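Numbering of the sequence shown is given in the working numbering, commencing with residue 98 and proceeding in unit increments.
Take a look at the structure below.
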Amino acid sequence: MPPIPAVPENHGHVLGEFDCLDPLLSALRLDSGRLKCTCLAVSRKWLALGTSAGGLHLIQKEGWKQRLILTHKEGSITQVACCPHDEDFIAVTTSQGLVVVWELQLERRGLPERVSLSWEHRGHNITSLCWDTGALRVFVGDSAGKVSYLRAGSSKLGKGSAFVMFPIQTVTTVDSRVVQLGYQDGRLLVSSLSRCYLCDTEKEKFWRVGNKERDGEYGACFFPQNRGLLVGQPPLLYCARPGSRIWEASFNGEVLSTHQFKQLLACPPLPLITFRNEPNYNPAQRSPQSLAFSKLLYFGDQNLLTWTDSAIYIFTPQNGQVLLWTEVKDLANVAVYRGELFCLHGSGRLSHLSLLSAERCVERLLRRESWTLAAAVCCMFQHAVTTSRARKSIPIDRLEHLKSQLSSSTNSELINQLEEVIAKLEPLDSASSSRRSSISSHESFNVLDCGIYRVISRRGSQSDEETNSLINQSTSEEERLKEFVQEEDQVDHAGLNFLPAPDFSDPQSGERAEADRSDHSRQFHLPLSFRPKPPRMALQAVKDSVSSFVKKTTEKINTLQMNSELRQRPEYKEAGQSDTISSTTSYSEELENELYNEVSSAEADMQELRTATEKAVSQIQDPLVLLDSVCLREALREWLPVLERVLGPDVTDSNLDGSGEDRWELDYLSPCAEQQGESPESPEPGENTENRPRADSAENVASCRSSREPVRVASPEPVPSDLSADLTELATLYTELSCFRKHNEALGCSTFLRRYFFLLDQERVRRMCLLCHQEQTEIMSSFTEAMLELTQSSKVVEVIQKGDLLKSLRSLRELQAWGAPHLLAHLHRLYEKHGEAAVRSFSQFYPTITPADVMTMAQQSHFLPYLDNLVQSRAEEHRLSFLQSLLESESLRHDWLQLALTHDAPQLCDTLTPDGQPRWHSHCFSWGYGRLLSLLTRLPADLSSKEKMAETCRNHGYWTGYLYLCKELQRRTEAFSTICQLDDVSLLEEPEGVEPQTLDEWKLLIQLSQQHSQQVSNVNGSSWSNGSADCEGKISPESLTLLLARRAGPDRALAVLEECGVQLVFSAHSELVCELLRVAEKRQRAMIQTMLERCDRFLWSQHA
């Protein structure tokens, strides 16, 4: 026997077959060629089997005993479904289109009876059956796309309810065959061959899930979220897509993300653990699988199951991973209940599979004494069996007993592998549920500052989840405590305990110092952040701690120096000691004086800033100053140097030299960032400057980028609240004023924004950035960088970094206290992480986040899906007015129209001829954003804007919008010429088309069609034939004459045709139509004459 390869560690579950249902099928005589099992369903109590003879067998799962058989004479059983909330009801469909709901009445020991019946789908193949999760109602879908439901009457509902026959109601009729139905919390999910639909059965509303269609059998299902933190959240939707893809959608049908499983399915399949054959695992990689998932089922614990005719696939969609896939031959249908699978094979055979972990599989095999299978699974999944967690279900003595049961003659290789597995086993005590006992059993660990034990364990000594959670918790706690200690070392004198410097001449002193340092690191002092210290007290504490540090350190260093020097020159001992003491004393006194000076200067600076701020505020309150930009700028210029001196960056951190006022002039009046287009040295007249500006500007930009300041989101000094409000008003006013001045001062605004962001009103700055985004992108990028830095410590950032889009959006919706700037920063992170999928979901944050915000962060191709989703989220009658409210300027309307015409649109060569004329039937091409284009062209606008939009539509071949705009602009001749070239009679009908209003327009249209027909005949090289049977729907003189005959009468139509000078020979069909119209016209005239005569006689009789 060859050695069994080991399965990778990321696979820990298997599908196992532990029960053989062949004796059950033999007892039911379903294993013969004449009678076969056709369908199945499973519930907590029952296994229901439908047969080709019209019988329904109800098998009790406990003991596999047959309890009932229900017979039907209306054909074979095609679908069966057990009621999920009342197992006394079961629904059955037959091949003739009959739907029957049975009430078993087992509790009352009565006979089963049919409580509801439906022939609504007679003559069609019923393809899907689904129960309501809260009522006795069954939904039915058939091959024609019809979906209906029937209610079941029952005596359980009250007296007389069993005798009431509820009417059968049609829910909807979809475009193609129903593939799968699902129901959850009042919503019905219908999956057809082309798309998925979501129906609110209470409000009778319908949605389409996603925009893209498909072609084939693709399933869909609800995915309840009823575990852990997700309890109470609405279910999700999962819809299969081509190429092994699955859409994840919200409960409202909005697509949130697309899961790609094609590459993930390149892993080798896990073997099916069954008594029928030995498990065979081949570790060789497979090629990626592009599959069509015809059915999707919610399975087990937050898993998704699907299958093909040769394999079963189980996914964990919340993680986007493949739990396992296993090859199972000849699959026809699968029914699931929790972690159980019942598979119906094409041959009529039935198999019962279970999903369980590898160690539980070994335990069950040992219980059934399947020794060889158990040993093979142990060797195959040794990474799961050897862990200490597995000792609870598989003790070491049971594995030793398993080894003793194997035959040494036939299973020698298997015994050797099993011995290697046993040698790797970990004892049970390392997996104790108590953290303290589990930690104490390890060989090594250390204790963090907060008292948490950090275990340094062997690989695999605990389960991956426990080890990762412990290490992550310890690491984050240690980093957090280090930050606290660093803060306290800088501020709190009580937490400063400095160690004496070690004597490196002694080899043992270094070890003692290390021990002392490790002991010292365990001291834990939390600064009380809720008790802020006044600035004077904080500075005094810093002064005291620094003085103590200087004294101790200088004394120790000088002592070491004196020891070394005195050993060489003892005569200088006393003099050196006195010099050291005097220098130390003078240095400490000097430092204390500097700190006292800093305290007093800080108070003086703050008072100076308050005085300058109050003066500036009083000045701008004067309307004459506020409304005069020159006076307002002068008032702010007097205030800014004081702000720069008090709250500006340190001189050491700046690349500029000089006093505060000089630095302010250099920063704000002539910064290098504001002069990107200017060279450092102006060239002489006549000098060749062809290559100089480009090199100089590149150097200038590089120097500006190198000197670009970091964003400051926190104030360097504590500012009183009353002063902070005035500073915010002035700083924001200066930012707005500098932004909307001349272009060369824009980067000065950006510099000010980065330097004093902690003073700015974030909402006003956001609106300012939106207004100047097109001309000054640097300001918007600085604002975005600042908001990202400000929100970095939010808990939502951790959720976003994990990569789960759905959880990230849920976290953003739960925290509604944020304003638009904070929310916009998190949406930036989402967009960087997920791209277009994230942008599509931003519509739910409107009006907090506007389309202008999304345009600043997203690409144009990603902005269009967001705008389309935002508009479609409104009711149909409100979409036009809503879109008009978004478009404040005519230029923005034209930009959006141009954007929608250039993305996901037909090629120009398909809609326009080389000479710029419409191609035949090119209006039938589908436009990706056709609904948005239709709304944009129908918006109210002035004459010039409509003419510009019409020209744009024509240049891109959007003929539907072009015809509408031509009708609005009264350019009917151009519209008729375009319709003749498109050659579609339906374009002459309202409301989408342009219908002729007068006889002159009919004459013009007939002449244009005659000219176009002659051009086509010349190009094709054949004469134009009148009245051909295949010209229905095309524009020709004959078809136009028939249209005119229907509206004005055949005689007038023929007269118009003669006036146009068109010689036309009518076909037999056209002559018959004209003759019928004449007869109808005569009868109509006679009827009108008769009615008038009767009215006349009645009026005369009343007059007499």
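We put the CB at the ideal spot given by N, CA and C, even for glycine.
All values derive from a computational prediction rather than experimental measurement.
Check	Outcome
Could you check the C-alpha separation between LEU112 and VAL474 for me, to the nearest Å?	12 Å
GLY514 to PRO100, Cα distance in whole Å?	Looking at the sequence itself, residue 514 is Gln, so the reference to Gly does not match. When rounded, the distance between both Cα atoms is 8 Å.
Please list the terminal residues of the continuous alpha helix (DSSP H) segment that includes ASN966.	957-969
What three-state label does DSSP hand CYS1246 in the structure shown?	No answer is possible for residue 1246: the residues shown for the chain start at 98 and end at 1201.
Roughly how far, in whole angstroms, is the beta-carbon of LEU998 from the beta-carbon of THR1049, given that I think they are within contact range, below 8 Å?	7 Å
Hey, ASP950 and LEU867: beta-carbon distance below 8 Å or not?	yes
Just reading off the beta strand (DSSP E) that ASN513 is part of, what are its end residues?	Not the beta strand (DSSP E): ASN513 falls in the alpha helix (DSSP H), residues 509-520.
Okay, do the stretch 183-196 and the stretch 163-173 touch, 3+ Cβ pairs below 8 Å being the bar?	yes
Need the endpoints of the alpha helix (DSSP H) that LEU721 sits in, please.	720-723
Quick one: which unbroken alpha helix (DSSP H) runs of 4-plus residues sit fully inside the stretch 1062-1097? Chain order, please.	1069-1079
Does SER123 come out as helix, strand or coil in the three-state DSSP assignment?	helix
Measure the C-alpha to C-alpha separation of LEU43 and ALA455 and round it to an integer number of angstroms.	The chain is shown from 98 up to 1201; residue 43 falls before or after that span and cannot be answered.
Exposed or buried, which one is ILE1076 when buried takes at least 16 other CB atoms within 10 Å?	buried
Return the first residue and the last residue of the beta strand (DSSP E) that PHE236 is part of.	234-239
Between the alpha carbons of THR230 and PHE358, how many angstroms are there, rounded?	30 Å
Go ahead and label ALA972 buried or exposed: buried means 16 or more other beta carbons lie within 10 angstroms of its beta carbon, across all protein chains shown.	exposed
According to DSSP, which residues form a beta bridge with ALA317?	CYS336
Please name the residue or residues paired with ILE370 in a DSSP beta bridge.	GLY113
Is the beta carbon of PHE320 closer than 8 Å to that of LEU286?	no
Thinking just about the alpha-carbon of each residue, which of ARG206, GLN479, LEU394 is nearest to the one in HIS108?	GLN479
What residue ranges within the stretch 985-1009 form continuous alpha helix (DSSP H) runs of no fewer than 4 residues, ordered along the chain?	987-999, 1005-1008
Please determine, among ARG1143, LEU226, SER289, THR947, the residue with the shortest C-alpha to C-alpha distance to TYR280.	LEU226
One question on the structure: do THR224 and VAL276 come within less than 8 Å of each other, judged by their Cβ atoms?	yes
Pick from SER1042, GLU1089, TRP1197, ASP239: whose alpha carbon is nearest that of LEU1066?	SER1042
Starting from the Cα of ASP282, find the closest Cα among ASN323, GLU705, LYS243 and give me that residue.	ASN323
Could you give the distance in angstroms between the alpha-carbon of TYR943 and the alpha-carbon of GLU351?	15 Å
On the three-pair Cβ rule with 8 Å, is the stretch 297-316 touching the stretch 359-369?	no
Find the nearest neighbour of GLY329 within the set PHE348, ASP312, ARG311, judged by alpha-carbon distance.	PHE348
Using the three-state DSSP reduction, which class does ARG619 fall into: helix, strand or coil?	Only weak support is given to the placement of ARG619: the predicted model assigns it a pLDDT of 37, under 50, and the question is left unresolved by the model.
What residue does the alpha helix (DSSP H) around ARG1191 start on, and which one ends it?	1165-1200
Classify ILE187 as helix, strand or coil using the three-state DSSP reduction.	strand
Please list, in chain order, all residues of the same chain as HIS931 whose beta carbon is under 6 Å from its beta carbon, the five residues on each side excluded.	LEU902
From the DSSP output, in three-state form, read off SER821 for me.	helix
Express the C-alpha separation of GLN1108 and LEU1189 in angstroms, rounding to a whole number.	45 Å
List the endpoints of the continuous alpha helix (DSSP H) containing TRP468.	468-477
Pick out whichever of PHE263, SER289, SER698, ARG284 has its Cα sitting closest to the Cα of VAL271.	SER289
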